[in-house]
Amino acid sequence: MDDIEREDARAKWPRVKGVVIAGVGELAAECRGHLGPANRGNGSVSAQDKTKALRHRVTTEIINNSSQDTDVSGRLRAYKVLEAPLAVSPPPELKAVADLRDQAPNLAAVLDDLEIDLRFMKRKGVQMAPPRHILLWGASGAGKTWAANRLAGVLSEKAMFHSAAGMSSAIEIVGQPAGFRSADASLAVRAIARSRRANPAIVFDEIDKAGSSDWNGDVRLALLPFTEAESSSHYYDAFTQIHIDCSHVTWIFTANQIEKLPEPLVSRLSVYEIARPGVESLYAVLKGFRQDMARRYGLSLTKIPAIDDILQLRVEKALLRGDSLRDIRSEFEVEIKRRAVANPRRRPQPRPTPMPVT
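Numbering-wise, our numbering comes out as the position in the sequence shown, counting from 1, plus 6.
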């Protein structure tokens, strides 16, 4: 696509107060000019790479960054990637949703809604839909953080984890102008740049433990523009001095006490109460523990020792007592590791060569 064709394509994009907003419908035309050299011959995209080839221009307007000092310019180079259309993580497969359902039965309500979204997208041919921002709340030890991370892995190829515990400044959320020594971009812009995806997922853990300060604002209120489609679609980032489309970033929050969250934020989220799994979820919990351990250690499932009746009974009793899922998982891993090293497989010894009979 040459410059004239690109300007013609952009002329069709809607404008909000003079800011050019890249529309999803124009992604295919913009895509052909920004693929790798191997795909540039005739401008076509193979069926196999059609989903991977999808690009989305997150930069809507570059205001000015030429007057910054050398140190800041060096930091700004990390965000040069935003000036070109970025890859888009494809919608998750229904099988991935089903696999997570087997491992996390307390996510059933979340996955039911996600499955409806995916079936709608497939029926209507939608490749990138507005994200569903999610709040998982419930008692401590219910497995919310683990569930949020697994859910983020299903929703996006790239995800960022951020803990709000002890955070009292909104600067980490909204960013800071480049004139400050420790300045950086907003959290959403950092996630987009580091993932090189237009639609990463951000797990914001323990949001109810975030605070506020008189000088640097309220962390929870600072999230409002990022969880509202209109304001996030042309968010002005003070550090990069760029208007950027953050509307495809998926936010997944966890909290123990929902009453500590401001109503304007809660109203923007799909809210799900996550209960501790009971004994009826024993097999799903054990399966999830084992698969998660294999994933984190980079092993095939066959290398994780099988679960016998004794270990199963121990986990069952812990669930009946109402123990924290975090503690049960930790004890499970310790026992699995102990069993893996207690009885190492013996190597067969070579048989001695028989002496010839004389």
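From the three backbone atoms N, C-alpha and C, an ideal C-beta is built for every residue, glycine too.
All figures in this text were calculated on a predicted structure; none of them were measured in a lab.
Self-check item: For W152: DSSP bridge partner residues
Solution: Per DSSP, none; premise fails for W152.
Quiz prompt | Validate contact between the region 207 to 224 and the region 163 to 176 using beta carbons, cut 8 Å, 3 pairs | solution = yes
Quiz item: In the structure shown, what three-state DSSP assignment does A312 receive?
Solution: coil
Self-check item: Three-way DSSP call (helix, strand, coil) for S52 in this model
Solution: Confidence is the limiting factor: at S52 the pLDDT is only 48, short of 50, which leaves the residue's position unreliable, though a coordinate-based value still follows. In the structure shown, S52 sits in coil (DSSP, three-state: anything other than H, G, I, E or B).
Quiz item: Going by other Cβ atoms of all chains shown within 10 Å of its Cβ, with 16 needed for buried, is V116 buried or exposed?
Solution: buried
Exercise. Determine contact between the region 187 to 197 and the region 230 to 250, defined as no fewer than three beta-carbon pairs at a distance below 8 Å.
Key: yes
Quiz prompt | V103 (DSSP reduced to helix, strand or coil) | solution = helix
Quiz item: Exposed or buried, what is L6 when buried is set at 16 or more other beta-carbons lying within 10 Å of its beta-carbon?
Solution: The structure shown does not extend to residue 6, since the chain spans only 7 to 364, so no value can be given for it.
Practice problem: Would you kindly report the start and end of the unbroken alpha helix (DSSP H) that includes L141? | Solution: Segment 140 to 143 is the beta strand (DSSP E) holding L141; no alpha helix (DSSP H) there.
Exercise. Please list, in chain order, all residues of the same chain as D190 whose beta carbon is under 8 Å from its beta carbon, the five residues on each side excluded.
Key: R81, G181, Q182, R196, F245
Exercise. Taking the CB atoms as reference points, tell me whether A158 and E212 lie closer together than 8 Å.
Key: no
Self-check item: Alpha-carbon to alpha-carbon, I258 and A346
Solution: 35 Å
Exercise. Could you check what DSSP says for G80 in three-state terms: helix, strand or coil?
Key: helix
Quiz item: Based on Cα-Cα distance, which residue from A184, H254, K128 lies nearest to R202?
Solution: H254
Quiz item: Under the three-state reduction of DSSP, which class applies to R345: helix, strand or coil?
Solution: helix
Quiz prompt | Sequence-distant residues of the same chain with beta carbon closer than 6 Å to A154, five excluded per side | solution = L142, V209, I258, T260
Quiz item: By the 10 Å Cβ neighbour count, where 16 or more other Cβ atoms means buried, how is T308 classified, buried or exposed?
Solution: exposed
Quiz item: What are the residues that DSSP puts in a beta bridge with G294?
Solution: Paired residue(s): none; G294 is not in a bridge.
Quiz item: Counting Cβ pairs closer than 8 Å, one from the region 233 to 240 and one from the region 101 to 118, do we hit at least three?
Solution: no
Quiz item: Measuring CA to CA, which of S146, L161, W152, G217 is closest to S174?
Solution: G217
Practice problem: Evaluate K130 with the Cβ neighbour count: other Cβ atoms within 10 Å of its Cβ, from every protein chain shown; 16 or more gives buried, anything less gives exposed. | Solution: exposed
Quiz item: On the premise that A184 lies in contact with V225, defined as a C-beta separation below 8 Å, what is that separation, rounded to the nearest angstrom?
Solution: Between A184 and V225 the Cβ distance is about 22 Å, and since that is not below 8 Å, they are no contact.
Quiz prompt | C-beta atoms of P136 and S287 nearer than 8 Å | solution = no
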